[in-house]
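Peer 1: Structure in structure tokens, see below.
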Amino acid sequence: MVQNIKDFEISYSQEILRKGIHLISLSIPITYSFVTKEFALSLLIPITILSIIFDFASRKNNKFRYYYHKIFGKMLRPHEYYDVFTLNGASWVFITAVLCILVFPKLIMVTGFSILIVSDVSSALIGRRYGKHKLFIRKSWEGTAAFWVSAFMVIIVIGLLLNAPWTFFLFGFIAAFVGGFAEAIAPIIKMDDNITIPVSIGLVMWVGEWISVTYLSMPFMDYL
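If you count the sequence shown from 1, you need to add 599 to reach this note's numbering.
Pasting the structure below:
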């Protein structure tokens, strides 16, 4: 998300509220840790469809749009407020969750998505409050550093809970580092960071698993 305070459009209090709502999405990887792929998709796919319909209804239907903006308007980014064909962050979270469950093994999805939620919140709040050194277009080094620190903590917590091998920590840290840059370049490549973060982390960890199996005989994918 936007980290450079000069480029920010919503108030800091609304940003905190927005990120507080975003934290609720942490329930997705936590729940998925305990249920099957099929069950998770049976819940997420209908929710995703409803979220997309809700998005377009809030832009196309004047009455619906009025009440939607009255309730959520202060938390919306400019493109979410004005662009008729742009989905809001919540819809992208659900879409990405479905795609990651379909594509990645469970441990990779849970790790990447947990980092998305926790580190996106950390980078946005720290970056906006303390971001003074610009990174790329609309990001700050302070915000990205907060992303890395919180992402490393997520890796450590998951790894310890699962008693994962050292390869999980190694490639998890590398993936988290890449994910921080993926979050920072999202505005440049005009993609939502709810996509760039978990996908980049997932791909790096997938490569890490291949290296772990091929050269170290120490897979970590089956630990969840």
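Yeah, the Cβ is synthetic: ideal placement off N, Cα and C, and Gly gets one too.
(1) What does the alpha-carbon distance come out to for the pair F703 and L802?
(2) Apart from the five residues on each side of it in sequence, which residues of its chain come closer than 8 Å, Cβ to Cβ, to T743?
(3) Taking 8 Å as the threshold (C-beta atoms), are Y822 and V709 in contact?
(4) Using the Cα positions of T813 and G807, report the straight-line distance between them to the nearest angstrom.
(5) Secondary structure at S610, three-state DSSP: helix, strand or coil?
(6) Let me know if G619 comes out buried or exposed under the rule of 16 or more other beta-carbons within 10 Å of its beta-carbon.
(7) Please go through the same chain and pick out, in chain order, the residues whose beta-carbon is closer than 7 Å to the beta-carbon of I694, but skip the five residues on each side of it.
(8) Check whether the Cβ atoms of I716 and L625 sit closer than 8 Å, and answer yes or no.
(9) Taking 8 Å as the cut-off, does the region 751-762 touch the region 784-800 (at least 3 CB pairs, one atom from each stretch)?
(10) How long is the line joining the alpha carbons of G688 and D791, rounded to whole angstroms?
(11) Short of 6 Å in beta carbon distance, which residues of its chain neighbour I796, apart from the five on each side in sequence? Order them along the chain.
(12) From what residue to what residue does the alpha helix (DSSP H) around M804 run?
(13) Are the Cβ atoms of I652 and A696 separated by less than 8 Å?
(14) What are the complete alpha helix (DSSP H) segments, minimum 4 residues, inside the region 691-730?
(15) Starting from I629, trace the alpha helix (DSSP H) in both directions and tell me its first and last residue.
(16) What span of residues does the alpha helix (DSSP H) with T766 cover, start to end?
(17) Alpha carbons only, please: which of I700, L622, I623 is nearest the one belonging to F638?
(18) Between A774, L815, F633, which lies nearest to V748 when the distance is taken from Cα to Cα?
(19) Can you give me the Cβ contacts of L622 inside the same chain, cut-off strictly under 7 Å, excluding the 5 residues immediately before and after it?
(20) Can you tell me whether M820 is buried or exposed? The criterion is at least 16 other CB atoms within 10 Å of its CB, across all chains shown.
Peer 2: In terms of the structure at hand:
(1) As a working note, residue 703 is residue 104 in the sequence shown. As a working note, residue 802 is residue 203 in the sequence shown. Taking the straight line joining both Cα atoms gives about 8 Å.
(2) Position 144 of the sequence shown holds residue 743. Closer than 8 Å at Cβ, skipping near neighbours: Q602, S722, G726, L734, G779, F780, E782, A783.
(3) Against the sequence shown, residue 709 aligns to sequence position 110. Against the sequence shown, residue 822 aligns to sequence position 223. The answer is no: Cβ separation not under 8 Å.
(4) As a position in the sequence shown, residue 813 is number 214, starting the count at 1. As a position in the sequence shown, residue 807 is number 208, starting the count at 1. Going by the C-alpha atoms only, they are around 10 Å apart.
(5) The residue labelled residue 610 in the question sits at position 11 within the sequence shown. In the structure shown, S610 sits in coil (DSSP, three-state: anything other than H, G, I, E or B).
(6) Against the sequence shown, residue 619 aligns to sequence position 20. Exposed, by the Cβ-count rule.
(7) Walking along the sequence shown from the start, residue 694 turns up at place 95. Closer than 7 Å at Cβ, skipping near neighbours: T647.
(8) Here residue 716 corresponds to residue number 117 of the sequence shown, with the count starting at 1. Here residue 625 corresponds to residue number 26 of the sequence shown, with the count starting at 1. Taking 8 Å as the Cβ cut-off, I716 and L625 qualify as a contacting pair.
(9) no
(10) Indexing the sequence shown from 1 puts residue 688 at position 89. Indexing the sequence shown from 1 puts residue 791 at position 192. Each residue's Cα considered, the two are about 8 Å apart.
(11) Here the question's residue 796 lines up with position 197 in the sequence shown. Excluding positions up to five away in sequence, the list reads L715, G778, A781, E782.
(12) For the purposes of this step, residue 804 is taken as the residue at position 205 of the sequence shown. Element bounds for M804: 792-814.
(13) Your numbering for residue 652 matches position 53 in the sequence shown. Your numbering for residue 696 matches position 97 in the sequence shown. For the pair I652 and A696, the CB atoms are not nearer than the 8 Å cut-off.
(14) 705-729
(15) In the sequence shown, the residue the question calls residue 629 occupies position 30. Run containing I629: 626-631, per the alpha helix (DSSP H) assignment.
(16) Taking the sequence shown and counting its residues from 1, one reaches residue 766 at position 167. Element bounds for T766: 765-788.
(17) Along the sequence shown, read from residue 1 onward, the residue named residue 638 stands at position 39. Of I700, L622, I623, the residue nearest in Cα terms is I700.
(18) Counted from its first residue, the sequence shown places residue 748 at position 149. The residue with the shortest Cα to Cα distance from V748 is A774.
(19) As a position in the sequence shown, residue 622 is number 23, starting the count at 1. So the qualifying residues of the chain are I716, V720.
(20) For this step, residue 820 is matched to residue 221 along the sequence shown. So M820 ends up on the buried side.
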